[in-house]
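First to last, the sequence lines map onto chains C and H.
Oh and the first sequence: position 375 is 375 in our numbering, straight run, nothing missing.
With positions in the second sequence counted from 1, the corresponding number in our numbering is that position plus 1000.
Beta carbons: idealized from backbone N, C-alpha and C, even for Gly.
Remember, it's a predicted structure, so these values are computed and weren't measured experimentally.
Data first, discussion second: the structure below is written as structure tokens.
Number of protein chains: 2
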Amino acid sequence: MKNYIIADEWNIIEEGFDPHLNKVSESIFSLGNGRMGQRANFEETYTGETLPGNYVAGVYYPDKTRVGWWKNGYPEYFAKVLNAANWIGIGVIIGDEELDLNTCKVTDFKRVLNMHDGYLERSFTAELKSGKQVQVTAKRFCSIVDEEAGAISYSIAPINFDGEVTFTPFIDGDVSNADSNYDEKFWDEVAQEAEGNESYLTLRTKKTGFEVCTGSLFTISRTTEGAKVPTYYYGNAQNISKEKYVALVTKAPLLKGETTTIYKYAANVSSQNHKPEELVAACKNVIAMVSAKGFDTMLAEQAAAWHAKWEESDIVIEGDVKAQQGIRFNIFQLSQTYTGKDDRLNIGPKGFTGEKYGGSTYWDTEAYCVPFYLGTAAPEVTRNLLIYRHKQLGKAIENAAKLGFKDGAALYPMVTMNGEECHNEWEITFEEIHRNGAIAYAIFNYIRYTGDQNYLNEYGLEVLIGIARFWKQRVNWSNQKKQYVMLGVTGPNEYENNINNNWYTSMLATWCMEYTMEAIEHVKQTDAARFNALIKQLSFNEAEETRQWQHIITNMYLGEDKELGIFLQQDNFLDKEIIRVKDLPAADRPLNQKWSWDRILRSCFIKQADVLQGLYFFSDKYDEETLRRNYNFYEPLTVHESSLSPCIHAILASRLGLEQDAYNFYLRTSRLDLDDYNNDTEDGCHITSMAGTWMSVVEGFAGMHVQNDTLSFRPFLPEQWISYSFNIRFRESMIKIKVDRGGGAFSNFSAVPVTISVFGHAYTIAPSASQTVKYPDNK
Amino acid sequence: MKNYIIADEWNIIEEGFDPHLNKVSESIFSLGNGRMGQRANFEETYTGETLPGNYVAGVYYPDKTRVGWWKNGYPEYFAKVLNAANWIGIGVIIGDEELDLNTCKVTDFKRVLNMHDGYLERSFTAELKSGKQVQVTAKRFCSIVDEEAGAISYSIAPINFDGEVTFTPFIDGDVSNADSNYDEKFWDEVAQEAEGNESYLTLRTKKTGFEVCTGSLFTISRTTEGAKVPTYYYGNAQNISKEKYVALVTKAPLLKGETTTIYKYAANVSSQNHKPEELVAACKNVIAMVSAKGFDTMLAEQAAAWHAKWEESDIVIEGDVKAQQGIRFNIFQLSQTYTGKDDRLNIGPKGFTGEKYGGSTYWDTEAYCVPFYLGTAAPEVTRNLLIYRHKQLGKAIENAAKLGFKDGAALYPMVTMNGEECHNEWEITFEEIHRNGAIAYAIFNYIRYTGDQNYLNEYGLEVLIGIARFWKQRVNWSNQKKQYVMLGVTGPNEYENNINNNWYTSMLATWCMEYTMEAIEHVKQTDAARFNALIKQLSFNEAEETRQWQHIITNMYLGEDKELGIFLQQDNFLDKEIIRVKDLPAADRPLNQKWSWDRILRSCFIKQADVLQGLYFFSDKYDEETLRRNYNFYEPLTVHESSLSPCIHAILASRLGLEQDAYNFYLRTSRLDLDDYNNDTEDGCHITSMAGTWMSVVEGFAGMHVQNDTLSFRPFLPEQWISYSFNIRFRESMIKIKVDRGGGAFSNFSAVPVTISVFGHAYTIAPSASQTVKYPDNK
């Protein structure tokens, strides 16, 4: 754990330059706009430790799989989000000395991520070997208004000399991925050009053939005592051209009392959104458009757009600046990563902040991110995440067929970019099949939240039938138990592999079949023509298939220990030696670094919510006492070595009135990256788990929950805080919730009345009105 | 399956040249002498498909592990037997045309492995592009008399021309392993020299620093109409020197009616057996010695030595030439692979016939090879295999410590060269721990067979205590079962992973503790001083540790299904859908090629004997009805996709009187490589499973078994055969067993009387006498 980020409500601030923290900061201060993302690498040359990263959404490389021992069914490749051409680069030579923070004396270093306005600012004073001192300020952002563009302003003020600076704004496509399996480079050059103050480099990915044109235009201005000298560009720029690299070199004066600023406007346009033959022209259009706006206008538009985003998604915490900073950082990063405009995109575990985990899609999206986007963005955003999976249904059916399933059974991949499985650990790839259930659950959750029942007709049912067919084939009748069993699975708790009758998976599978049957009824009744078309398209034998599903639903084995009153995570879980996490020596933690895999597997320790994940998903089905017994049994065994775990425990602890526990779980994720708890933030931020932090507050502390088409709340205030408040979208309404010592205040910001339930009582709030609800007496 | 090897009692014969079969034949026709081994690659240049292989026993390279997803505890490297310098190479240029079977017309091609005399002969007629025809005969062997040496005679007779041949006998160390993980080469050059007709090349392995000097001396002779022209060497040989390559080039006449022969004497001497600084001198000594003998003398000595080996180990089958060829091939290969003279060596699954599986040591040695060497070789041979493990006890303790075991617990590696674990699949490396039991069982088996009780005192007990300590820590008390359980293991049936309470492993673990306690009593009573020394050395708390072991022995959970009367392969095995192998579609077989891993895991199908392996090991503990019930339950579920499986079933079927079944199982392995059943012989022969074939005949058909210090037999004759006979060593005696239609004839070839049991009756046979026993009436 580190503790170097300075607390602030709206800004992430680093003061002083510590090269050992640089890669961590590069992750934390990352920028993105849903289309592209950029780690907080320096514009100028830096010869110290750095992980360069510019990512273009949806552009990936199928890196040849690395495998120890091959198993049938393993994929041929692992899709990697590519490090794309460096568009931020500006070489800076002062006199004849290169500016490089690794070789000069740096003071007053400060890095600020301004989350309110959506930009990154870095400033420092550097003393070069010659003794020359310069004061540098660099600002940049990835525009959420002009999504293919980014802009940089890079200012130098000489402190103790008059001289000259040589700027080399460049585009460098000769980049590689640090996590390349075979040390290959993934890009080929297609074309390049440079003329005047503009340069363009088009690259094509090997194998996948994505093309990306990166363009740049620079201008230089000088400011004296605040009065701006008219912007002008140095016409004498010299072109430098190398394989996969293009640059322009130009000189400008550096005079005491003046500030010399280079503006670099850049664009990444991709063949995903343009015809390859029009790519360069499209890039030039973007460059022309944004450079015409100019940096200040662009930044003003950026700030306004971010203010609008915050309007919908902010959580305000009074009385705890670090908590405030933490939750805003999480919301900021999530909003940078996915904007919901493109149903071909999804949310990689590291977003645009690093390469790790390949930038592909995991069940994190459905289980953790969907609630966040449902509450903070228009329904289309979540809908596009669902359609992403619908578009990949064919691949999911192919994927299941590779594993021996037939008749249209669909198994969604554990990790994917284009619908094909990328992961190759048999215990995960083939067995962690509960992901299929999470995808069905997200359909249910989306409809429950938005009321968009029509989604079932258009897209949902098709996916549900594929999933139900999979479960039907995945269980078998046990002559021993006289029930259906599900053998050989890995649950959400990946510290158990190849187990039998994982309660979570079996319960979820049963639910999937039930829900599919409900969905069939809905579609039949609301659109018989569509239903008949689906029957044909899917060769769906309604009577026989639903009869089989019903037989499984009725006869599914779901392990329970009656004496303890708990659901059994898996068969024979109680054969294990039961030890509480708190009785483990500190030196043994985290287990995944200290223990060998077999030891972890045969221990009782739980990586992340498993039975409890199920009780979270289906809280309406289980009474509080059942929840309490299971929580009391499993929580003490859970090591939370997945960042996706504490949020679920926070929500359940909240429901059980364990407020301090809930708050502690919240703390474990809210500043996970800011404080680098797991010593791995340098690889990138834990984007998907950030949604869990939001859930901890909204579904945990505020107890928000959808029941019978209304939002219900059971809020409490952590005693460390003065108040917290957030806006929530629900169907046609926008509600603001503020929770303080006295209770909750609920304001209706929408044009229609809204009915909510608080502590079990219904309140209808008129437009623009508020309702205050005190805590019940028994609290 | 292929069917191109010509049936013959003593020879393996291939007629006609099929390039597609070349790599298969290279494996089958491999030569070895326990110190070195050579695939049947051609001496002359061959540009077609080939897998070159020359292996020097014990010389390995720690190839950096390739891994998909790292797990704590995985090894850093996988030890590979190295492809060493090519010593057989002789470039042949006729006129100005290179002889290369890939580019000329080949007729009368014949390859013969003469197992009786221990050499390989290859002959063919080649027509070059120019129309020149030559008749070539090449003979070679790895000497089992001069173990560091090999010799080649390579004869050319021109058919339709007079001309000249250029011979280039070379040593090429610029070789690689086909299975190198990162396409690296493993050898560096240390020195080379060439003068006159001799050349020497010394190479050192990277990382491990083994040095091997390969030397060669050639002579050339001409023979006219049978009269040998005096051997002479061509003094004008030119030296060719390259990095890791040395050769001599010389010319000789090729005259119609004459045969021109080059003899190449070669040696591989290793720093394992010589000081590095004396390596070249040692190599020169060997070369001088063998070249002084000459090829014909060497070959005569080779033949005599092989005749002596056959005297001890042959199995003669009358009435079935293919079966005869098959069993002799297996015995021949086993005898080539391990001679038992060096306790640093062991038996790789491919012996010296290929690279696959790294040439390292597996539990195959203890479970399958030990019975073969016990029956066919002096006790020292097996003893050295046991001492190999004793020497690695320290590493086994380190290995266990890496996985979290303490206090001197030993876990022998799944795969090893020097005692360190090389394998990296968690379900095998960490969980297939029954290998520890096989190592203890081999100690028991060796002592039971040889009567060498003193082995316990000297070596055995130390190993047994390490193993017992491991088992003690590997079980845990189940509050549910109120017994000890063993969670998270993989049994011999690797088609189940991470299962609980594998009957075989748990039973074997319990037995290990029992046997260790017996061994303690033995050592205490026979050598109290040694015992006291061991107590100190091992910090052995006899009272407490044996008390704990006894508690586990008394309270170990061993799964059983009382209704079916069977032992349960693992917890909840009966939850599976039980399907017989014979009801599987043929297209689904072999499962390991057709099914994904998860499907295999949740199926009931068994890769190799598991419960039945236990019933084989401890046949005295279980009555015939118990064996029959388990056999009848598990046999129909067994797919035998390990070559180590059918032999166990053959033995058990024999015991149950299922003679035809036993014979069918025998057939599945006896010609596994000769007929390339699994389409993988090109990678090398299945050396360790060859011992299983021997076991099928001796322990299966002849029903040989040690009971109460005597050999007992229950022979039957497969109806396809006229008779079979074999010699067996047992303690001081050598017995010949011949089984035919009438019964068994037992001849005592030793100087002392021997008592045996046949069909439950004891017979004492005087020296040089025989005893004939008819089949009992109820047969």
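Please confirm if residue i has its CB atom under 8 Å from at least one CB of chain C.
i	result
residue 1480 (chain H)	yes
residue 1402 (chain H)	yes
residue 958 (chain H)	Coverage of chain H is limited to positions 1001 through 1779, which leaves residue 958 (chain H) absent and any answer about it impossible.
residue 974 (chain H)	Lying before the first or after the last residue shown, residue 974 (chain H) is absent from chain H, which here runs from 1001 to 1779.
residue 1066 (chain H)	yes
residue 1558 (chain H)	no
residue 1071 (chain H)	yes
Rounding to the nearest angstrom, what Cα-Cα distance links residue i and residue j in this structure?
i	j	result
residue 1419 (chain H)	residue 1413 (chain H)	7 Å
residue 653 (chain C)	residue 637 (chain C)	15 Å
residue 944 (chain H)	residue 1219 (chain H)	Lying outside 1001 to 1779, the shown extent of chain H, residue 944 (chain H) is not represented and no answer is given.
residue 1641 (chain H)	residue 545 (chain C)	36 Å
residue 1755 (chain H)	residue 1763 (chain H)	5 Å
residue 675 (chain C)	residue 179 (chain C)	24 Å
residue 1208 (chain H)	residue 1538 (chain H)	30 Å
residue 1299 (chain H)	residue 1011 (chain H)	16 Å
residue 343 (chain C)	residue 115 (chain C)	26 Å
residue 1482 (chain H)	residue 1569 (chain H)	20 Å
residue 770 (chain C)	residue 735 (chain C)	9 Å
Using beta carbons (cut-off 8 Å, strictly below), is residue i in contact with chain H?
i	result
residue 571 (chain C)	yes
residue 425 (chain C)	yes
residue 487 (chain C)	yes
residue 363 (chain C)	no
residue 574 (chain C)	yes
residue 612 (chain C)	no
For residue i, count neighbouring C-beta atoms within 10 Å of its own C-beta (all shown protein chains included) and say buried if the count is 16 or more, exposed if not.
i	result
residue 271 (chain C)	buried
residue 621 (chain C)	exposed
residue 831 (chain C)	The structure shown does not extend to residue 831 (chain C), since chain C is modelled only from 1 through 779, so no value can be given for it.
residue 1596 (chain H)	buried
residue 1376 (chain H)	buried
residue 322 (chain C)	buried
Less than 8 Å between the beta carbons of residue i and residue j, yes or no?
i	j	result
residue 385 (chain C)	residue 373 (chain C)	yes
residue 1516 (chain H)	residue 1486 (chain H)	no
residue 627 (chain C)	residue 672 (chain C)	no
residue 1169 (chain H)	residue 1134 (chain H)	no
residue 338 (chain C)	residue 262 (chain C)	no
Mapping DSSP to helix, strand and coil, what is residue i?
i	result
residue 343 (chain C)	coil
residue 1414 (chain H)	coil
residue 566 (chain C)	strand
residue 763 (chain C)	strand
residue 126 (chain C)	strand
residue 72 (chain C)	coil
residue 1425 (chain H)	coil
residue 1142 (chain H)	strand
residue 1041 (chain H)	coil
Could you work out which residues of chain A lie near residue i, taking near to mean beta carbons separated by less than 7 Å?
i	result
residue 177 (chain C)	The structure shown contains no chain A; its protein chains are C and H.
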